[in-house]
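Before any comments, here is the structure.
Residue numbers (UniProt numbering), protein chains in the order written: chain A, 1 to 434; chain B, 1 to 868.
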């Protein structure tokens, strides 16, 4: 099976500039690195869920000396799940840089940390823009948003329902119950536009060591602290970083949940739904767009010209599809815009759509010549960013494309010709009339 | 008869019609001599205008070899070779045939010799420019020629209409450039025509070969044109001398060696030829030449922006003639058609267009056009009114004229104020005020050829001509004719302009050659005559001319020529008072004057002087050949240096451009300082941001700002322009002085002129640009420094810059937003690629890194972490 996949993979190699093939962006082969194989069974619901969605999971111990991400320059996997929060050093040829290169070549990554997460995991997270609490023994504590349980603990088991408001990332169905979370929190740089807080802490949460007394104010507090974050890199590689490994565990999946101060008690925590939807997003089963068939031509023509003239009327069209996990479905939106751009947009038009993925518009080339670009910069929360640009020069009128006679200039024509005639007559008279 | 009497009284009017009756006159003369004399004297004005060509026409039927030769050569002027002796032999012609035939044979021989000399001069002009091909190779030189070459390629491939409408999207990205409307098409069309012509003859030369050899061919033409012009001014001898001087003047060679395919290559020919036709028209008063003059001016306008020199110099000459009382109908014919037809034709050139009537460079010609009409009117009125009435009319006209003038001045001022460039373009303003450019327009001041020249460059470029010019000016004043006045004016103006801009040395060169040619030929004339008169065997000086012509053709011809041209103004001065009877009387005084002028110098002194002159000229020739071979033949894209272990060739530029063309995408944009724009588009065929056509100051300032900004800011600027590669020229390793670091101050100035956050003092330490340890932090952090000196320390361990002769200030640094992709063999061209934007944005958690440094540094060293 894996050999077949490799053959398939190698067949796709030419297309794999950004790894997920343009045709099927979903990941297929996933490497799961574990601290120990106990996690395989304790988190089996999550793994089985992935398998049932068609993923081919390859479980390895994180310090297994035989593991490697790539062979002969080709990546063996499409995605990587790091459920090994305590690992200090990977086995084989893998290190933090290798994992980051893996991401930078367009592959997806799920990282789950834990209390006393290793520096290695923290470094990977930092490189992706997620800063875990520096105190290695700190946990997220919430004295008002904790999950009510049989034993009154130290309020590190949190029931959180502060989700990101995005149907693309979390699915169109509302997460039914709060998500149980036990682990470390992290902060994000607000100026970082690539990373998103998927599950935020409540305003009363803070990050500290529950076993010791607070000596100084905690560095991470309230809603600025994030529990689960996702990153969509510029090459559309997706990364999920969670401060809690147990969030994915069978125990949390099955556990009932009641948020402190809330009268409703849910039979089942929202973890399964949350994690499943999130993993769908991370593995590109949702929110992955592609734009094809960018076309432009003069009104009334079919072929794309090599150059436009100023004041030409042109039509522009593009088809946009979204990957549903199995097929490309038409993407429907009313906010796709095209720019006719030369250092700044000269034309900015919203594209009309036929709801079948076909977007089109028509406009007049501005009265400016230069090298223009048709630019579609479509960036929506949760969707892969579409950035299309197509260069097209715009030339001025040719010498014979101007009007031959301008009505306003008839007095001048008259003047010129009457002058010529007058001169001729004058010459004739002067020379021959004695 | 009544009309004839009227004509004689209104001199200027008649001249307008003179060509038509003149020709009929010529035929009547040639038919029968007896009728000519009354006819001639009955029309004094005609005699005046025809005094030079009329005898020539007489000689025409007899002297068949010479004109035929002339027609095959295209010398419209060759009859004049035979003409000089005519005024003297004219009265005696009918009487004695024997001396006349002798003179004719001599003249025939002289014109053949002159023709051979001219042919040799042409060969010399062509071959002295081939050093670059012999020593290097047959390539296009420098910067602008590459653009012209590229345009010519386009022209030959796509035809003239596509060339005219060519919108080039590969330069000035993203603005593009309308090549057809912004280029002087003369050179390109000339080379294209040459190419098509050769191909129609089935001579399959490549476009490049045609381009390489266009300049030498046209410098041969230019030397012939110089011959014609100088002959009009001072006769054949001076013409031949001037042509020989021009054929090898270093200043002109520097712009016209084989491969130097630039506008000036054909423009200098057009310039001289236009001047020649102007003087020819002035001397003959022929509308035919006036029309040719306009066409030649049109060719000049097509070829070079320097045509404004013509359209200002000629009006100045006309004005000077009017002021000095030299107004004549010939002047009117020479000038008025040029302004009308020339301006109309100039407006047809797309790059000039309405500039021909809207910019102040052309206003002088219109002003003089008005003045010459006023003057013509005054002469006309003077002719029909009695002196008393004329005085009254004068008072009336002056008062009205003043009012009109005031109105005109007001209109002109309004026009100047409302014209698009506030009248004058920056380049022209910097001509009038040499400090203007350096004060206000750094982009003009930054070009080395716009700098004022140094004294040594005068010696280098025109050599001994610099000392001969004053003598030539004196020679022009004895006697002063319209033509020699023009030569004097030309030299004075061009000396001034050359002092402003080193580039205009090129305009000075022909003037210097003409005047030096006059000076030399006059000097030889005087000395050889002195020798001749004192040689005992030649005491009988009535036969001197005849005998001497065989051995020393040039000088005697010239002697007589000067004497003849001397009597032209004399005739003019007396023209109004002159009556029919005075004409025969006039001859003896002329003869007498000649005899008086033939004052002889001591024999020994003359011999020594001749030897010294020959030595001087020999020195000039040696210098010219040296300059052509050593100084001006380097193509500047291939550099060579001689050292102890032989010849070193630095072919880094082509190496870099070839790398670009082979390793980058066709649509990639390459940013560099504008000097290398033309070469990049022509040789690497990649889109550039700015190039040597510095039409958009803001765009250049953007690149200058990027080069003088820190890495990140520069990256953002370049990224916004879709730049993929940055090319810098660095001479620090091999000591190539014209590299980007030496040009850096202009990047700062031009950039700072538009974007004020670039401040020049930030880059200066003690008023100097320094790159050593004293350099300012801004300097050490700017992109140009980093791109030039990145990894430089790895070459010798000390990072010693051989151009600045110092160790650089910051030796070890990394680039974060750029990566080096190519550096040529001698490090002269370095190409960097812009790194793509970071794929991920790092967190700010630095402490965890430092805490874990023990574990991670080892890894980091091992693998190159993508910092993005």
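Cβ coordinates follow ideal geometry from the N, Cα and C atoms, glycine included.
Remember, predicted model here, so these are calculated numbers, not experimental data.
| Asked | Found |
| --- | --- |
| Could you give the distance in angstroms between the alpha-carbon of residue 525 of chain B and the alpha-carbon of residue 829 of chain B? | 57 angstroms |
| Can you list, in chain order, the residues of its chain whose CB lies under 6 angstroms from that of residue 368 of chain B, leaving out five sequence neighbours each side? | 315, 318, 319 |
| Near residue 234 of chain B, what residues of its chain come up, given a Cβ to Cβ distance below 6 angstroms and the 5 sequence neighbours on each side ignored? | 518 |
| Contact criterion: CB-CB distance below 8 angstroms. Does residue 130 of chain B meet it with respect to chain A? | no |
| Taking only beta-carbon positions, decide if residue 332 of chain B is within less than 8 angstroms of chain A. | no |
| In three-state terms, what does DSSP make of residue 510 of chain B? | helix |
| Chain A beta carbons: is any one of them nearer than 8 angstroms to that of residue 165 of chain B? | yes |
| Quick one: using the 10 Å Cβ neighbour count with 16 as the cut-off for buried, is residue 508 of chain B buried or exposed? | buried |
| Can you tell me the Cβ-Cβ gap for residue 810 of chain B and residue 764 of chain B, rounded? I've got them flagged as a contact below 8 angstroms. | Not really, about 17 angstroms apart at Cβ, beyond 8 angstroms. |
| Would you please verify whether the beta carbon of residue 53 of chain B is less than 8 angstroms from any beta carbon of chain A? | The pLDDT assigned to residue 53 of chain B is 37, lower than 50, so where the model puts this residue is not dependable, and the model offers no usable value. |
| Just verifying my parser: in three-state terms, what is the DSSP assignment at residue 233 of chain A? | coil |
| Quick one: does residue 404 of chain A have its CB under 8 angstroms from some CB of chain B? | no |
| According to the neighbour-count rule (16 or more other Cβ atoms, all chains shown, within 10 Å of its Cβ), is residue 814 of chain B buried or exposed? | exposed |
| Beta-carbon of residue 844 of chain B versus every beta-carbon of chain A: anything under 8 angstroms? | yes |
| Going by the DSSP bridge assignment, what does residue 232 of chain B pair with across the sheet? | None, per the DSSP bridge assignment. |
| For a contact defined as C-beta to C-beta under 9 angstroms, what are the partners of residue 689 of chain B on chain A? | Here the premise fails: no neighbours, minimum Cβ distance about 11 angstroms. |
| Output the distance between the C-alpha atoms of residue 131 of chain B and residue 188 of chain B, rounded to the nearest integer angstrom. | 23 angstroms |
| Given a cut-off of 8 angstroms on the beta-carbon distance, is the pair residue 141 of chain A and residue 208 of chain A in contact? | yes |
| Less than 7 angstroms between C-beta atoms, sequence neighbours within five positions excluded: which residues of the same chain meet that for residue 870 of chain B? | In the structure displayed, chain B extends from 1 to 868; residue 870 of chain B sits before or after that span and is not available. |
| Give, in chain order, every residue of the segment 213-240 of chain A whose Cβ lies closer than 7 angstroms to some Cβ of chain B. | 231, 233, 234, 235 |
| I'd like to know whether the C-beta of residue 189 of chain A is nearer than 8 angstroms to at least one C-beta of chain B. | yes |
| Can you say whether residue 284 of chain B is buried or exposed, counting buried as having 16 or more other CB atoms within 10 angstroms of its CB? | buried |
| Any chance you could list the alpha helix (DSSP H) runs of at least 4 consecutive residues sitting entirely within the segment 726-767 of chain B, in chain order? | 744-754 |
| With DSSP run on the structure shown, which of helix, strand or coil describes residue 180 of chain B? | helix |
| Using only the alpha-carbon positions, how far apart do residue 127 of chain A and residue 200 of chain A sit? | 20 angstroms |
| Express the C-alpha separation of residue 92 of chain A and residue 109 of chain A in angstroms, rounding to a whole number. | 18 angstroms |
| Do three or more CB pairs link the segment 369-386 of chain A to the segment 331-341 of chain A at distances below 8 angstroms? | yes |
| Could you tell me how far apart the beta carbons of residue 49 of chain A and residue 129 of chain A are, in whole angstroms, since I believe they sit closer than 8 angstroms? | Between residue 129 of chain A and residue 49 of chain A the Cβ distance is about 27 angstroms, and since that is not below 8 angstroms, they are no contact. |
| Starting from the C-beta of residue 705 of chain B, find all residues in its chain whose C-beta is less than 7 angstroms away, skip the five residues before and the five after it, and write them out in chain order. | 717, 751, 755, 758 |
| Determine, for residue 131 of chain A, whether the minimum Cβ-Cβ distance to residues of chain B falls below 8 angstroms. | yes |
| Nearest to residue 287 of chain A by CA position, among A:245, A:155, A:179, A:331, is which residue? | A:331 |
| On the CB-based measure, 16 or more other CB atoms within 10 Å of its CB, does residue 831 of chain B come out buried or exposed? | buried |
| Within this structure, are the beta carbons of residue 226 of chain A and residue 145 of chain A separated by less than 8 angstroms? | no |
| Quick one: complete beta strand (DSSP E) runs, 3+ long, within the segment 86-151 of chain A? | 108-112, 130-132, 139-142 |
| Can you give me the start and stop residues for the beta strand (DSSP E) that residue 823 of chain B sits inside? | 818-823 |
| Can you give me, in chain order, the residues of the segment 152-181 of chain B that have a beta carbon less than 7 angstroms from any beta carbon in chain A? | 164, 165, 167, 169, 173, 174, 175, 176, 178 |
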